[in-house]
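S.K.:
Numbering (UniProt numbering), first residue to last: 1 to 485.
#1: Taking 8 Å as the line, does the beta carbon of residue 116 fall inside it for any heavy atom of the ligand ZN?
#2: For residue 250, name the three-state secondary structure that DSSP assigns.
#3: Just mark residue 24 as buried or exposed, buried being the case when its beta carbon has 16 or more other beta carbons within 10 Å.
#4: Would you kindly work out how many angstroms separate the C-alpha atoms of residue 57 and residue 158, rounded to a whole number?
#5: Residue 373: which of 312, 164, 327 sits nearest, CA to CA?
#6: Closest to residue 104 by CA distance: which of 318, 229, 223, 232 is it?
#7: Can you give me the C-alpha to C-alpha distance between residue 397 and residue 110, rounded to a whole angstrom?
#8: To the nearest angstrom, how far is it from the Cα of residue 119 to the Cα of residue 259?
#9: Where does residue 449 land, buried or exposed, given buried means 16+ other C-beta within 10 angstroms?
#10: So the beta strand (DSSP E) residue 105 belongs to, where does it begin and stop?
#11: Hey, out of 217, 273, 292, 251, whose CA is closest to residue 391's CA?
#12: Please report the straight-line C-alpha distance between residue 201 and residue 411, rounded to a whole angstrom.
#13: Should residue 365 and residue 279 be called a contact, given that it needs their Cβ atoms to be closer than 9 Å?
#14: Where does residue 408 land, buried or exposed, given buried means 16+ other C-beta within 10 angstroms?
#15: Quick test of the definition: if touching needs 3 or more C-beta pairs under 8 Å, does the segment 470–483 touch the segment 452–461?
#16: Going by Cα to Cα distance, which pick from 241, 107, 131, 289 is closest to residue 188?
#17: Is the beta carbon of residue 300 closer than 9 Å to that of residue 346?
#18: Are the beta-carbon atoms belonging to residue 165 and residue 221 less than 9 Å from one another?
#19: Would you tell me roughly how many angstroms separate the C-alpha atoms of residue 270 and residue 460, rounded to the nearest one?
#20: Residue 65: which of 376, 218, 332 sits nearest, CA to CA?
#21: Quick check on DSSP: helix, strand or coil for residue 467?
#22: Given a threshold of 16 other Cβ atoms within 10 Å of its Cβ, counted over all protein chains shown, does residue 80 qualify as buried or as exposed?
#23: Since residue 390 is in the alpha helix (DSSP H), which residue starts that stretch and which ends it?
#24: Given that a residue counts as buried once 16 or more other Cβ atoms are within 10 Å of its Cβ, and exposed if not, what is residue 389?
#25: Alpha carbon to alpha carbon, how far is residue 337 from residue 343? Give it in angstroms, no decimals.
#26: Starting from residue 357, follow its DSSP beta bridges and name the residues at the other end.
#27: Buried or exposed: where does residue 253 fall if 16 or more other Cβ atoms within 10 Å of its Cβ makes it buried?
#28: Here's a check: name, in chain order, each residue in its chain whose Cβ is nearer than 7 Å to the Cβ of residue 235, leaving out the five neighbours to either side.
#29: Rounded to the nearest angstrom, how far is the Cβ of residue 282 from that of residue 304, given a contact under 8 Å?
#30: Let me check understanding here. Comparing Cα to Cα, which of 470, 401, 161 lies closest to residue 334?
#31: For residue 327 versus residue 393, is the C-beta spacing smaller than 9 Å?
#32: Would you tell me roughly how many angstroms separate the C-alpha atoms of residue 249 and residue 225, rounded to the nearest one?
#33: What is the DSSP secondary structure of residue 326, reduced to helix, strand or coil?
#34: Would you mind stating whether residue 160 and residue 115 have Cβ atoms separated by less than 9 Å?
#35: Do you know how far the Cα of residue 405 is from the Cα of residue 82?
#36: Can you round the beta-carbon distance between residue 245 and residue 96 to whole angstroms, since I take them to be within the 8 Å contact cut?
Right, dumping it as structure tokens:
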């Protein structure tokens with residue numbers, strides 16, 4: 001083909017400035033050609049990963065990482081499903097066991113995973129939820145079996161199955177025990193059943209899995225304290241639930257912990273403030289509006305100078321916050337400032353308590369139950385529902401205002417703590433400004449023998465200029481250090 005020769009050309013631009021236009025040379029085009037991957041790009045190059053192959057190909061999308069964090073996330077996924085059954089009112093006990101063969105089992109006494117044939121997949125419901133993405137009973141609507149749930153996307157159980165070298169599922173339901181075995185997301189056996197004894201009332205589900213060494217980059221070892229911390233949280237958030245954690249070891253004594261906290265969030269706050277000096281008993285309240293339930297418990301301590309605010313949505317810890325945390329902080333600041341103005345402890349009308357001043361020394365737990373929560377990603381670290389913020393703000397303002405009006409002694413202690421925080425912040429600000437002022441003086445052309453005064457008010461300050469070190473020494477001894485330089 002005929003290729004015209006291209007040369008750089010000067011093109012008149014704005015303000016008389018010439019703009020030069022360039023085109024890639026033949027050599028540059030050849031270099032670009034060499035960088036291209038050999039082969040054509042057609043439909044044959046597009047991969048379609050079937051069933052759970054995509055999970056095994058990109059596990060980080062579903063569990064965060066293939067290290068210890070992702071390994072423990074597998075347990076959380078199964079545990080959250082069991083807690084959902086408890087929140088629905090069907091389970092009261094959950095047992096988690098670390099077996100000595102590096103497997104983990106999670107057992108609940110809920111209704112048990114349905115075992116009948118699913119009308120769409122023509123497979124048992126057990127196999128459907130274990131092998132297909134986005135298959136579950138928590139999507140909402142008239143067919144949903146859960147009003148609120150932590151596992152919402154229908155991928156938790158199937159992801160664990162895909163990333164496990166082996167998985168066993170046992171379901172006790174309708175007087176029968178059902179079992180099925182899987183490996184790396186694929187069923188090895190069909191769902192078999194045996195009839196339970198007539199006197200047996202067992203029901204519920206048990207998932208036991210062996211994480212796949214081909215997926216996880218670190219040693220397959222579950223940390224007892226890490227899982228224990230998560231289970232303790234769930235027990236505090238669900239007062240009617242008992243959770244046990246057991247670790248089996250061949251050459252050591254079995255570790256066994258049981259978690260049950262009938263006091264709920266109040267007991268949670270008291271546990272967090274165990275080694276502190278509380279100013280009052282924990283404040284707790286609950287509000288339900290538009291199907292959303294808000295539970296809050298909070299307490300201020302005299303010997304604490306930072307805040308601890310923990311947020312949960314459907315029993316899942318939202319470590320990156322969200323609209324429920326934003327609503328809580330906004331309403332807290334507004335409510336305490338309102339009381340501060342009414343009590344006239346703020347002498348300067350232009351000064352108000354900031355959120356940091358109000359929350360200093362405060363420990364607060366907020367748990368929201370949302371029918372259709374909007375979590376960011378499968379790991380669910382932040383809640384995004386805008387309507388939750390409005391409901392939390394309303395709940396905190398109404399209930400906290402009512403409580404503090406009925407308990408003026410608690411109000412006085414909170415206001416005093418907040419006001420002291422404000423005074424400390426203002427004093428720290430003045431100290432920083434003084435240090436900066438002195439630094440400017442030291443770095444200026446003023447004499448190095450200048451003896452500064454404490455006052456920073458030019459109107460009341462005096463400066464004496466003397467000749468000689470002898471006269472200067474006498475002046476320093478006789479001066480008033482508060483305002484004389």
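All C-beta atoms, glycine included, are put in the ideal place defined by N, C-alpha and C.
M.R.: Based on what the coordinates show:
#1: As presented, the structure is devoid of all ligands, the ligand ZN included, so that no description of it is given.
#2: Correct three-state label for residue 250: coil.
#3: With a pLDDT of 44 at residue 24, under the threshold of 50, the modelled position of this residue cannot be trusted; read the value that follows with caution. It is exposed - the Cβ of residue 24 has fewer than 16 other Cβ atoms within 10 Å.
#4: 14 Å
#5: Per the Cα distances, 312.
#6: The closest CA to that of residue 104, considering only 318, 229, 223, 232, is found on 223.
#7: 37 Å
#8: 39 Å
#9: exposed
#10: DSSP places residue 105 inside the beta strand (DSSP E), whose first and last residues are 104–108.
#11: Looking at the Cα atoms, 292 is the closest of the given residues.
#12: 52 Å
#13: no
#14: exposed
#15: yes
#16: 131
#17: no
#18: no
#19: Cα to Cα, residue 270 sits roughly 52 Å from residue 460.
#20: 218
#21: coil
#22: buried
#23: 386–406
#24: Residue 389 should be labelled buried.
#25: Those two C-alpha atoms are separated by around 10 Å.
#26: Per DSSP, none; premise fails for residue 357.
#27: exposed
#28: 241, 243, 259, 260, 261
#29: Not really, about 14 Å apart at Cβ, beyond 8 Å.
#30: Minimum Cα distance to residue 334 is reached at 401.
#31: yes
#32: 15 Å
#33: helix
#34: no
#35: 41 Å
#36: 5 Å
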